[in-house]
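See structure below.
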Amino acid sequence: RYELWNFIPFSLFEQFKKVANLYFLVLIIVMLMLGNKSPINPTTTILPLMLVVLITSAKHAFEDYSRHNSDNAVNRKKTILLQNGTFVPSFAQHIKIGDIVKVCDDEEFPCDIVLLASSNPDAKCYLTTVNFDGETNLKLRHCVPGIGKVTDPAQIDEYSFTVECDRPNHELYKFNGKFTLLSNIALPKNISLSLENFLLRGAQLKNTDFVIGVAVYTGDETKMAQNQQKKRIKVSVVDQKLNEFILFMILILILGSTLITVLHYAVGKTNSLWYLDSSFLVVSALSIFVNIASFVALLNHLIPISLYITLEMQKLWNSFFIDWDLEMYHSLSDDPARSNSSDTIEELGQIEYIFTDKTGTLTENKMKFKKCVIDNIVYKKRSHHIESNMLFGVENMPEKALEFFTFICICHSAEAQIKEPLFPGQPVFYKYISPSADEVSLLDAANSLGIVYKGEVDNYIYVDVGRSHKKFKILHVLDFDAKRKRMSVIFQNEQKEYFLACKGADSHVLPLSISAEIRDKLAARIDKFAAEGLRTLAFGYKMMSQQEYEDVDSAVFFKLPKQNKIYNAQMTIVDREEEIEKACKLVEDNLILIGATAVDDRLQDGVVETLHDLRAAGIKVWVLTGDKEETAISVSYKCGHLSSKMVLLNLSEKKPNLGDIIQNYCNLISTGAHEYALIFDGATLKFVLENHKKNMSYLFSKLKTVLCSRMSPLQKSEAVKFVRKFVPGNPITLGIGDGANDCSMIQEAHVGIGVMGQEGRQAVYSSDFAIHRFRYLRKLLLFHGFNFYSRIANTILYFFYKNFIMSFPTFLFVWYTNFSPTSLYEDAELTMYNPLLTSMPVLIYGIFEQPYLKQTLMNRPEIYHLNTKNYLMQWKFLFFWVFNAFWQSVVIFYWCMLVYNNGEINVPDQYFTYNLFGTMVYSYVVLCATVQIQLMTRFWTLHAVVTTVGSIIYYIIGASFISLLYSFDYTSEVFSSKFQSYYVFFNMLSYPHFWCGIVIILPIAFFPYLLFSFLMQFKTLKKVNKMKFNFFVKEMPPTDENGIQHYNRLKSLD
């Protein structure tokens, strides 16, 4: 963010963008221009402002130094580059496009690389992309054909080649390129490059000694960097409201100073005092400006100068509570919750919309085979509970099931690794590595049933079916891509029969069926699986005669490049997926549908309870997922996001009359007859947001539950941005996810939450806060968030109160000084008030205060809703605190006036009337400000007691020192010894009326506040009970088992 040379100007610029800091800077300039006509010493403002600027600059320096160290750790990460035929050590920051890079096992790739060679004899490597998508399974990548086994640096250095590829883009799972070899070597000249040859920056090499590749994207052009949007500067609504409050106070200050100036000229001529210079009454533009500026300077403490630094310290300490919370610590991975930024920490207490990813955030992202349908019969895997149609092993397995699981072992992209047994005599077992977690779960299920995929060697796949050993010759593979959403394998069995096996998403496999009847039956079964929240894959095949295979081979896979349709499609960089789909359609047709699988991605612990309490807190929850709609709906029911009482409104299909449907939904919701949930997909999102913005903003503002399927990463971000900007009331949003595909959503929301995994998550680096489990969000919001906002909002209001109660007596005082700019307080007293006497108690309040006990906030989530819409920062509360300060100032000032007799203190031999009066007022002000913060405190700690007592003791010591420091000055004719402060504080303490005033003033001064607090408590209790009742009646009916439990819990709390 900063460089060494620009830190000072840029940091100062950032600080003086704040209204209060800029105001005080201008005020200091005006006070210096006034010179000796300034009613107070400019030092009383310069010193506090310097303290605020220095501390804030130190915070900026510390945070930027930490960012610099993080950047430097990445840039200075050691790597190995090929130079002059030798691999030499270097740093990641020196990598340029076209450099040859060597990466060793367990190292992260420093840039985006095309894989040229590998230490693996099969010219392949394994990597993990856990930093991007949270998937811990290993993924396979292949070297460029022909040179994959060439690892000698001198030989590689002799190669001359070019790489053509897409321009830098954000699509993590798409790479199209062409490798052209220019050297005179007997290797293919043009080679198609795809994702299987591509290594992403940030991914980690696994189970491979080393790989060698060519850098194609570096720095900001890497796909990881392209997915990291430039962080939006987030300014909390509290900070925005604070600026409005300060501008209002500045306006009041200027208007008040102008009023006093007018009265100064109007009254001064008729009631001139002997000690005032007659030049003060001369009316001119300059004198008017000087007088207004003098009064602004005199009352400048109306604006709280130390507020910003106090808030910075409070936010920093509050963020530590997140890091230190043992209930949000994940012991298995040794990961505590983490606060990456404290700037918007108070927003955690005002969340109105939550946008959450599904896979890996709500679920475990660990796939487990549950059941399958074969020949329209549903089979389940063996378990402890014996059921009908249960699969126990190959011995009792129907022929169709054997065929089905054999196809599973053939049609996949997984690799098999042999794992030695732990004890002698035990059989070996196989671990499968695949880019798809679904494939691993299916192969494991087949393995457990006795159908074991043992690996591939020289284009032959070996499968054990029970005690028989089979091999299949792989002829052609049509890889999975995002456009086709299926993969196919053409193979030959031991009987020399030709087959095409195909698997993929049901929406892209079922239409290829040769039989409509079988297709419809299988579709119905798949829909039932999806309704149970299971992820499904459909399988089909077709037998091919030798002539059919040769026709396909010559038409689609012909060896000559110009006639090879697949090859030509793969060599296309632009629209490659579309061209491949056209070519594959010539092969993938007339399938016999054999069945479908269903795997389960189980929910994380505590997700149901967390979503329930978030809804009870009045938070609207959106689930955004890339899964198909049926699966998304089922999982939403499973986790409690959707309930059986809700009426589902579906916009997933783009219909000609979509606008009319949206309007009907708006009319339906306005009746409030039922609880509604909206469902739509990514394809519909852009259309409706562009063409029906007004109606969609209305729908989003009224619906508590929204489910979005088939969403891309950028579409997730667009959904958040639309709600943040166009939904009425500009609600506070929270985005939570676990992978790189969630980064845009996380950064777009007001508050971004990254979900950590065992090896970290890319989303964590883009987030404001990081947690390990979704259930931790409950405490983060309901307890920490509620307290953070309450502390900070009340701190702000208290600061305006304590500055107003000190400044307003001066305003009253000028009415008795012929409206002349005369300070009521000593300069030292003004300097001490904010930074030394009254800041520590409120700082401790802002760190440790808890309006409610933790168990109350966690068990009654309805309380959270009290703070939404920036409730505590409403103008009515500011006006009350201003009135509270005004009332207490009037009580203090006129009590002090009461104990005087015609301006002279009613004590024999006491002459220090002016300074004694000011010191008495100041003492009462400090006492009231200290008592006020204690009346606000509900959670007493040792820190609060120490700072309260310490502030009073510190004032006594400071005031005593000032009284002893001052000496008599007889040189001035105007200000004689009668107006000095020597021994004034001690005289005040000896005066009995001062002690009587403490007993009399405090009850009178705090009566309005105590009455207001009682009424607010009564109103709050009534509001919370109403919310609790509405939630129970509307969303958790008594017939619902969960509703009964919830009711009993609330009843016990009452």
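If you read the sequence shown in the working numbering, its first letter stands for residue 339, the second for the next number, and so on.
All residues carry an ideal CB built from backbone N, CA and C; glycine is no exception.
- Counting along the chain, Asn988 sits inside the beta strand (DSSP E) bounded by residues 984–988.
- Rounded to the nearest angstrom, the gap between the Cα atoms of Glu855 and Leu931 is 10 Å.
- With contacts defined by Cβ atoms closer than 7 Å, Ile1185 and Gln652 form a contacting pair.
- Of Leu645, Lys1059, Val600, the smallest CA-CA separation from Met1178 is found for Leu645.
- The Cβ-Cβ distance between Ile598 and Val1152 falls below 7 Å.
- Sorting Cys1004, Ser751, Ser779, Gly788 by C-alpha distance to the C-alpha of Glu741 places Gly788 at the top.
- Short of 7 Å from the beta carbon of Asn638, and not among the five residues preceding or following it, lie these beta carbons of its own chain, in chain order: Leu365, Thr383.
- A Cβ-Cβ distance of about 6 Å is found for the pair Ile660 and Phe1107, placing them in contact under the 8 Å criterion.
- The beta carbon of Lys516 sits closer than 8 Å to the beta carbons of Val501, Glu502, Cys503, Asn528, Ile529, Ser530, Leu531, Met909, Ile911 from its chain, once the five residues preceding and following it are set aside; these are given in chain order.
- The DSSP-derived three-state label of Arg824 is strand.
- Ile771 sits away from Tyr1103, with the two beta carbons spaced by 7 Å or more.
- Here DSSP, grouped into helix, strand and coil, assigns Pro1330 to helix.
- For a cut-off of 8 Å, the C-beta gap from Lys572 to His1088 is around 7 Å, short enough to register as a contact.
- With respect to Pro1069, Glu684 sits apart: the two C-beta atoms are not nearer than 7 Å.
- Spatial neighbours of Asp998 in its own chain (CB-CB distance under 8 Å, excluding positions within 5 residues in sequence) are not present.
- Boundaries of the beta strand (DSSP E) around Gly1092: 1089–1093.
- Ala553 is bridged by DSSP to Ile451.
- Spatial neighbours of Arg1276 in its own chain (CB-CB distance under 6 Å, excluding positions within 5 residues in sequence) are listed in chain order as Pro1189.
- Assigned with DSSP and collapsed to three states, Glu741 falls in helix.
- For the pair Arg873 and Ala861, the Cα-to-Cα distance works out to about 14 Å.
- Nearest in C-alpha terms to Asp409, of all of Asp558, Leu924, Leu952, is Asp558.
- Two segments are said to touch when three or more pairs of C-beta atoms, one from each, lie closer than 8 Å; by this definition the segment 1026–1035 does not touch the segment 948–964.
- Around the beta carbon of Arg1129, 16 or more other beta carbons lie within 10 angstroms, which makes this residue buried.
- Boundaries of the beta strand (DSSP E) harbouring Pro427: 424–429, taken from the DSSP string.
- The C-beta of Lys823 has fewer than 16 other C-beta atoms within 10 Å across all chains shown, which makes the residue exposed.
- For secondary structure counted as the alpha helix (DSSP H) over 4 or more consecutive residues, the segment 1054–1138 holds these complete runs in sequence order: 1081–1086, 1100–1104, 1114–1117.
- Within the segment 756–800, the beta strand (DSSP E) runs of at least 3 residues that lie entirely inside it are, in chain order, 767–771, 789–795.
- Between Val945 and Cys977, the C-beta spacing is below 7 Å.
- Residue pairing by DSSP places Asp663 in no beta bridge whatsoever.
- For Ala1282, same chain residues with a beta-carbon under 8 Å away, outside a window of 5 residues either side, are Pro1179, Ile1182, Tyr1183, Phe1186, Gln1272, Thr1275 in chain order.
- For Thr1279, same chain residues with a beta-carbon under 6 Å away, outside a window of 5 residues either side, are Phe1186 in chain order.
- Between the segment 1159–1171 and the segment 1203–1213 there are fewer than three C-beta pairs closer than 8 Å, too few to call the two in contact.
- In the three-state DSSP reduction, Met735 falls in the coil class, being neither helix nor strand.
- In this model, Val790 and Ser779 are separated by some 13 Å (Cα to Cα).
- With a contact defined as Cβ atoms closer than 8 Å, Asn656 and Ser680 qualify at about 7 Å.
- Taking C-beta atoms under 8 Å as the contact rule, Leu1340 and Val1264 fail to qualify, at a distance of about 13 Å.
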